[in-house]
Structure formats: C-alpha cells, structure tokens
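Note that numbering that gives the first Met the number 0 has the sequence shown beginning at 0, numbered continuously upward.
All remarks here apply to the structure that follows.
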Amino acid sequence: MLLNLKEKMSSLVISKRKRGYFGITFFEPKFEENIGTAIRSANCFGADFMAVIGARYKKHPGDTTKAEKHIPFFEYKDLKDFFEHLPLGCEVVGIECDGEQPLENFVHPERCVYVFGGEDRTLPPEIKTRIRIPTPYSVPLNVAVSASIVLYDRYLKRNFLRYKHLI
C-alpha cells in the first residue's frame with residue numbers, strides 16, 4: 000500500500016504555471032525579524048508578493064535566502080494606500096485570533112492577499128473576511144508562524160488535495 004501511494008504521488012507533475020496569485024501583507028508590523036521569517040516562508044510556498052502597511056520597523060534583515068530578490072515587496076503608508084493599490088479582483092483575507100472561520104474549513108480564493116495584524120494590535124474593521132488558526136490554548140501564535148501556517152495550508156489545498164482521489 001505504501002509503495003503504491005509513493006508511486007502515485009511521484010507520478011504527479013504539478014505545473015509551474017498556476018491560476019491566480021496571492022500575497023501576504025502585515026498591518027503595522029512591529030518586529031523586523033517576523034518580516035524576515037515571513038519573506039522566507041513566502042518564497043518557499045510560492046507567494047507572488049509581500050507587503051507591509053504602516054511599518055514600525057526599520058529594515059527586514061532576517062531572511063538569509065535573499066528572498067526579497069525573488070518576491071516583489073511593497074510598502075504602503077496606511078490602509079487607504081493599500082486598498083487604493085490592490086490588484087483588480089483581489090480578495091482581502093484577514094487572519095485574526097477571533098476570525099469567523101477556522102482555517103481548516105477555509106477555501107482559499109484564486110486571487111487574494113492575506114493580511115496579518117501587527118504583533119500587538121488587531122486588524123482594522125475595513126478588512127471584512129477573517130479567518131483564524133485554531134489552537135488548543137488561548138496564547139496567540141507569532142505573526143510569522145501564522146503566516147507560514149496559512150501559506151502551507153494554501154499550498155496543500157490548492158496543489159495536493161485536488162488529487163486526493165489518487166490516494
């Protein structure tokens with residue numbers, strides 16, 4: 000059974016061309032280290048862009064893979080600036096501890112930007128769609144860890160779960 004599964008999975012060829020696009024954005028991030036970690040995860044999971052809204056840090060040196068050379072990085076002065084420059088047809092999805100929908104039930108939009116709140120603040124009410132990453136304890140996840148989990152969930156659901164009939 001295991002050999003059969005390995006054969007099936009190894010025979011899958013996932014095209015480098017994909018439908019849609021996605022990016023991750025941080026609303027008023029406080030710590031540059033979290034941005035560096037997120038850039039690395041964004042590069043690993045195929046994000047098309049990254050952005051910050053109202054940055055409170057000076058630089059983002061935490062990434063040693065030089066991912067910023069491969070992923071466009073945008074800076075918006077405030078939320079108004081961000082919404083004015085969204086790509087056409089791009090959905091905005093907020094990730095919050097009290098989001099309405101748990102991540103495991105969320106269907107990722109074809110074209111979207113995921114917005115994460117700063118380490119010490121919540122997302123503004125203008126960001127309507129909100130999901131949460133359920134955890135067994137009330138301690139919130141680190142913002143870079145949250146971004147990595149959402150990126151992995153998108154990658155898994157959009158690339159492999161459509162082939163679950165082969166397993």
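Note that CB positions come from ideal geometry on N, CA and C, so glycine has one too.
Query: With a Cβ-Cβ cutoff of 8 angstroms, do V114 and T24 count as a contact?; Result: yes
Query: Taking 6 angstroms as the limit between beta carbons, can you name the residues of its chain near T128, skipping five residues before and five after?; Result: V92
Query: Could you give the DSSP three-state label for R110: helix, strand or coil?; Result: strand
Query: Which one of A37, C96, V106, Y20 has the shortest CA to CA distance from S137?; Result: C96
Query: Does DSSP put I38 in a helix, in a strand, or in coil?; Result: helix
Query: Please confirm whether G117 and F26 have their CB atoms less than 8 angstroms apart.; Result: yes
Query: In this structure, how does DSSP classify Y143 when only helix, strand and coil are distinguished?; Result: Reading the sequence as shown, one finds Ala at residue 143 and not Tyr. Reduced to three states, the DSSP call for A143 is helix.
Query: Assess, as a yes-or-no matter, whether the region 68-79 is touched by the region 34-52 under the definition of 3 or more beta carbon pairs within less than 8 angstroms.; Result: yes
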